[in-house]
Amino acid sequence: MEEKELKELLAQVADGRVSADEAAHKMKIEPFDDIGIAKLDSHRGIRQGTGEVIYGAGKTPEQIDRIAHRLYADGQKTILITRMSQEAADFFDRDIPFEYHEDGRIGIAGHRKKPDGIGTVLVMTAGTSDIPVAEEAALTLETFGNDVKRIYDVGVAGIHRLLSFSDDIMKASVIVAIAGMEGALASVVGGLADCPVIAVPTSVGYGTALGGVTALLSMLNSCASGVSVVNIDNGFGAGYTASMINHMEIKGDR
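Counting along the sequence shown from 1, when you hit position 127 you're at 126 in numbering that gives the first Met the number 0, and nothing is skipped either side.
Structure representation (structure tokens):
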């Protein structure tokens with residue numbers, strides 16, 4: 000159960016559509032579900048608004064399949080699986096809805112949420128080589144109910160390409176800027192946008208790119224205000240954070 004569902008359930012109790020006993024039954028769930036290979040966080044959706052995400056790297060196809068099916072059986076309607084291999088996707092039991100995107104190594108079990116964010120999230124890359132990380136971010140965003148626009152291969156080596164999308168940059172609710180090499184894209188975009196920019200350094204580049212460390216340090220030292228940085232190749236982290244921003248609401252006194 001997620002926070003929106005919890006609020007709806009409480010509203011139904013308040014107006015008499017659901018009895019207190021029925022609501023208690025729906026909410027009576029352990030804080031976590033120990034299935035031996037994992038302890039599944041049953042209350043994450045209530046706490047954070049989004050249920051547990053499965054990190055596929057290092058897990059066997061059997062483990063991924065079992066965890067996802069248990070989450071689905073326990074009522075989690077949207078299950079994102081990151082860093083999922085083709086082997087794990089081929090093994091996955093299709094008795095529940097499932098889709099796999101090899102370009103972003105993303106599996107989605109259950110159903111994507113309908114777009115309900117406050118605006119459009121822009122996912123941009125400096126080069127075509129950055130697309131796998133960008134697709135991880137974009138698919139994460141789409142899975143969690145965001146309208147996404149992709150603008151790829153607009154790095155500063157041909158800055159006129161980037162400037163031709165100035166209108167999209169200025170209209171965006173959040174921007175995810177993805178770049179390897181020297182990581183300059185995030186600073187340029189940050190200087191044009193009036194929304195938060197989440198910078199993702201990638202491991203793309205020649206020797207002194209140092210597997211993404213050069214881009215990471217460049218982005219951390221950006222002179223543009225409003226630029227925040229996630230870890231190297233962490234498209235999921237950028238997409239998840241951008242989704243949170245795109246779903247922010249004003250919280251009253253508590």
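The C-beta atom is built at its ideal place from N, Cα and C for all residues, glycine as well.
On a predicted model such as this, the values are computed, not experimentally measured, just so you know.
Fewer than three pairs of CB atoms, one per stretch, sit closer than 8 Å, so the region 53–73 makes no contact with the region 211–218. Pairing leucine 161 with isoleucine 66, the inter-Cα distance amounts to about 42 Å. When the Cα atoms are used, glutamate 86 and arginine 104 turn out to be separated by approximately 11 Å. A Cβ-Cβ distance of about 11 Å is found for the pair methionine 123 and valine 147, leaving them out of contact under the 8 Å criterion. Using a C-beta cut-off of 8 Å, the region 90–98 makes no contact with the region 124–133, since fewer than three inter-stretch Cβ pairs fall below that distance. According to the DSSP assignment, phenylalanine 90 belongs to the alpha helix (DSSP H) that extends over 85–90. For the pair glycine 236 and valine 226, the CB atoms are not nearer than the 9 Å cut-off. Here the alpha carbons of isoleucine 174 and alanine 241 stand approximately 8 Å from one another. In the structure shown, proline 96 adopts coil according to DSSP, grouped into three states. Judged by DSSP secondary structure, valine 187 falls within the alpha helix (DSSP H) whose first and last residues are 184–189. Listed in chain order, the non-local C-beta contacts of glutamate 141 below 7 Å within the same chain comprise Arg111, Val147, local neighbours out to five positions each way being set aside.
Scanning Ala125, Ala192, Ala178 for the CA closest to the CA of alanine 171 turns up Ala192.
If you draw a straight line from the Cα of alanine 208 to the Cα of glycine 106, it is about 30 Å long. Exclusion of the five residues before and after glycine 55 leaves Ile63, Ile80, Thr81, Arg82, Met83, Ser84, Ala87, Arg104, Gly106 as the residues of its chain whose Cβ lies within less than 8 Å of its Cβ. By the criterion of a C-beta distance shorter than 8 Å, glutamine 75 is surrounded in its chain by Gly44, Gly50, Glu51, Gly109, once the five residues flanking it on both sides are discounted. Excluding the 5 residues flanking it on each side, aspartate 115 has same chain C-beta neighbours closer than 8 Å at Gly144, His246, in chain order. Under the three-state reduction of DSSP, alanine 56 is assigned to coil, being neither helix nor strand. As a beta-bridge residue in DSSP terms, aspartate 146 pairs with Thr119. In the DSSP assignment, serine 217 falls within the unbroken alpha helix (DSSP H) covering 212–219.
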